[in-house]
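Each remark here refers to the structure printed beneath this line.
Number of protein chains: 2
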Amino acid sequence: MTQEHFLNNVFGKTDMTKEEKAIAISKFKQVTFEKNSFLLEEGKTANHYWFIQSGFIRSYVIDTEGNDITTNFYSVGDIVIDWPSFFLRNPTRENIQALSDCVCWQLDFETFQELFHSIRNFREQGRTTLVGSYFALKRHSISMIADQAKDRYLRLVKEKPHVVQNVSLKHIATFLGITDTSLSRIRKEIASE
Amino acid sequence: MTQEHFLNNVFGKTDMTKEEKAIAISKFKQVTFEKNSFLLEEGKTANHYWFIQSGFIRSYVIDTEGNDITTNFYSVGDIVIDWPSFFLRNPTRENIQALSDCVCWQLDFETFQELFHSIRNFREQGRTTLVGSYFALKRHSISMIADQAKDRYLRLVKEKPHVVQNVSLKHIATFLGITDTSLSRIRKEIASE
DNA sequence: AATAAAACTTGCCATATGACAAGAAAAACT
DNA sequence: AGTTTTTCTTGTCATATGGCAAGTTTTATT
Numbered sequence: 001m002t003q004e005h006f007l008n009n010v011f012g013k014t015d016m017t018k019e020e021k022a023i024a025i026s027k028f029k030q031v032t033f034e035k036n037s038f039l040l041e042e043g044k045t046a047n048h049y050w051f052i053q054s055g056f057i058r059s060y061v062i063d064t065e066g067n068d069i070t071t072n073f074y075s076v077g078d079i080v081i082d083w084p085s086f087f088l089r090n091p092t093r094e095n096i097q098a099l100s101d102c103v104c105w106q107l108d109f110e111t112f113q114e115l116f117h118s119i120r121n122f123r124e125q126g127r128t129t130l131v132g133s134y135f136a137l138k139r140h141s142i143s144m145i146a147d148q149a150k151d152r153y154l155r156l157v158k159e160k161p162h163v164v165q166n167v168s169l170k171h172i173a174t175f176l177g178i179t180d181t182s183l184s185r186i187r188k189e190i191a192s193e
Numbered sequence: 001m002t003q004e005h006f007l008n009n010v011f012g013k014t015d016m017t018k019e020e021k022a023i024a025i026s027k028f029k030q031v032t033f034e035k036n037s038f039l040l041e042e043g044k045t046a047n048h049y050w051f052i053q054s055g056f057i058r059s060y061v062i063d064t065e066g067n068d069i070t071t072n073f074y075s076v077g078d079i080v081i082d083w084p085s086f087f088l089r090n091p092t093r094e095n096i097q098a099l100s101d102c103v104c105w106q107l108d109f110e111t112f113q114e115l116f117h118s119i120r121n122f123r124e125q126g127r128t129t130l131v132g133s134y135f136a137l138k139r140h141s142i143s144m145i146a147d148q149a150k151d152r153y154l155r156l157v158k159e160k161p162h163v164v165q166n167v168s169l170k171h172i173a174t175f176l177g178i179t180d181t182s183l184s185r186i187r188k189e190i191a192s193e
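Those protein sequence lines, which keep their order, are chains A and B.
Straight run, no breaks: the first sequence in the UniProt record's numbering ends on number 193.
Straight run, no breaks: the second sequence in the UniProt record's numbering ends on number 193.
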């Protein structure tokens, strides 16, 4: 029996036929990233996106005061993409960096466009994925307003436990909009309960 | 000379041909909303979206403690849509309410799908619009972490001056993630400079 | 194994913003 | 025009979180 392609999981619950999936998957190229290497850097225009087969990745921006702010974490099965830069063809403000050695499946913009415009269910899938990212961002954004830091942390632990276990405290802290000092105290408080 | 359709402005800089634009525009239906009426309510699934010809609209959620949090403001030329609910066909958590009497142009999901799948440039346009919303949300989200309340307010004044002039302080405050009390003080401080 | 570099914790104090409540002003309604 | 309701302002005090710096622990490097 043949080994299933990793991307068959990713495209698991789309409406694409077996054949459509095969066509799409055949266009992806396996690439690897060493820990700390960049998938995308500020000022460049994203020309690829990836699905992660293994490893951890984060995106971040440098704010006006020079602070590093994590905007997202990515792990196995996730799509790694800078939506605005990839689709609007603009230089990005974000950096995307491997937090560990990673194995990914890569697609470039031109090939994406071919698939998007030729396969109806591929574009439905793409739209669903983008809207899913939008939704996650909105939830995070509302959480920043409605919830206390401790609750935001607990939510992250629940939603992405493997991220919390594998990523340094300072990156998690900036993602939650607090300092590493505060997060350390929050962890202490939770531990003592 | 014939009066141009309002939506010709909205679709101004797409790659759609005159004919394609005409087809798309012909599918929109003019609707009006009275002040305080709802375009969408929590628990329902969005089956339409709109472009605003005149008036002001806001979207908001009720958080776990019962607080009303404004998630966005919309004014002339803007698209008013709950992306996740409209595309994922899920009940929404958001409410969309007219802040003044409004004139809008409405499209339903089914008609949208027809246009999306039949007109290449319509879907390019739609994708661009969605990515634009994503980008705006991301900027707002980062601003919540990186900037002080006063700076967030000043940015809003710069980006949406007509909103600041026409919307009540408490709605602006929750959008900025602060209380109306704090915003009142921030305004006072700015005025005294 | 030794050393250097990160990552994490903890203490002390500062500060932005919140909570609540009372007035003042403005807007909506009859 | 008068009354009610909503919006906005201001005072006092509380609190979540930040800033900084000194340790400690863990991880990476030679």
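Glycine included, every Cβ here is placed at the ideal spot set by N, Cα and C.
Close-in-space but distant-in-sequence residues of the same chain around residue i (CB under 6 Å, 5 per side omitted)
i	result
Phe6 of chain A	Gln53
Thr70 of chain B	Arg58, Tyr60, His171, Thr174, Phe175
Arg152 of chain A	Ser143, Leu176
Gly43 of chain A	Pro91
Asn72 of chain B	Ser59
Glu41 of chain A	Asn95
Asp180 of chain A	Leu169, Lys170, Ala173
Proximal residues to residue i (C-beta, below 8 Å), its chain only, five neighbours per side dropped
i	result
Asp108 of chain B	Asn47, His48
Phe51 of chain B	Phe6, Leu7, Val10, Phe28, Gly77, Asp78, Ile79, Val80, Cys104, Trp105
Ile145 of chain A	none
Ser182 of chain A	Ala149, Ala173
Asp147 of chain A	Arg155
Thr111 of chain B	Lys27
For residue j and residue i, believed in contact at Cβ under 8 Å, the rounded distance
i	j	result
Leu88 of chain B	Leu130 of chain A	No, Leu88 of chain B and Leu130 of chain A are not in contact; Cβ-Cβ is about 11 Å, not under 8 Å.
Leu176 of chain B	Leu154 of chain B	At roughly 10 Å, the Cβ-Cβ gap does not stay under 8 Å, so Leu176 of chain B and Leu154 of chain B are not in contact.
Ile119 of chain B	Ala24 of chain B	7 Å
residue 228 of chain A	Lys158 of chain B	Absent from the structure is residue 228 of chain A, since the part of chain A shown begins at 1 and ends at 193.
Thr92 of chain A	Thr128 of chain A	At roughly 23 Å, the Cβ-Cβ gap does not stay under 8 Å, so Thr92 of chain A and Thr128 of chain A are not in contact.
Residue burial classification, residue i (beta-carbon count within 10 angstroms, cutoff 16)
i	result
Glu189 of chain A	exposed
Ser85 of chain A	buried
Gln125 of chain B	buried
Asp82 of chain B	buried
Glu20 of chain B	buried
Leu169 of chain B	exposed
Glu94 of chain A	buried
Val31 of chain B	exposed
Cutoff 7 Å; reference residue i; Cβ partners in own chain excluding five residues on either side
i	result
Ser141 of chain A	none
Asp68 of chain A	Tyr60, Ile62, Thr174
Val164 of chain B	Leu156, Val157, Ile172
Arg185 of chain A	none
Contact check, residue i vs residue j, beta carbons under 9 Å
i	j	result
Gly55 of chain B	Phe38 of chain B	no
His171 of chain B	Ser75 of chain B	no
Ser59 of chain A	Gln97 of chain A	yes
Asn90 of chain B	Thr14 of chain B	no
His117 of chain A	Arg123 of chain B	yes
Ile101 of chain A	Lys35 of chain A	A small fix is needed here, since residue 101 of chain A is Asp in this sequence, not Ile. Yes, the Cβ-Cβ distance between Asp101 of chain A and Lys35 of chain A is below 9 Å.
Val167 of chain A	Leu99 of chain A	yes
Contact test: residue i Cβ vs the ligand SAM heavy atom, cutoff 8 Å
i	result
Ile52 of chain B	Among the ligands in the structure shown, none appear at all, so the ligand SAM cannot be discussed.
Contact residues within the stretch 74 to 85 of chain A, judged by C-beta distance below 7 Å to chain B: Trp83, Pro84
Members of the stretch 136 to 155 of chain A that neighbour chain B once the beta carbon cut-off is set at 7 Å: Residues Leu137, Lys138, His140, Ser141, Ile142, Met144, Ile145, Ala146.
Under 8 Å (Cβ pairs) to chain A, residues found in the stretch 121 to 137 of chain B: Of all residues in the stretch 121 to 137 of chain B, Arg123, Arg127, Thr128, Leu130, Val131, Gly132, Ser133, Tyr134, Phe135, Leu137 have a Cβ within less than 8 Å of some Cβ in chain A.
Cβ-based contacts, 8 Å cut-off: residues of the stretch 88 to 106 of chain A near chain B: Leu88
Against chain B: residues of the stretch 40 to 65 of chain A by CB proximity under 9 Å: Going along the stretch 40 to 65 of chain A in chain order, one finds Val61, Asp63, Thr64, Glu65 with a Cβ nearer than 9 Å to chain B.
Contact set between the stretch 22 to 40 of chain A and chain B, restricted to residues whose Cβ is under 7 Å from the partner: From the stretch 22 to 40 of chain A, no residue has a Cβ closer than 7 Å to chain B.
Members of the stretch 162 to 188 of chain B near chain A, C-beta cut-off 8 Å: Thr174, Gly177
Residues from the stretch 5 to 24 of chain A in contact with chain B, defined by Cβ distance under 8 Å: none
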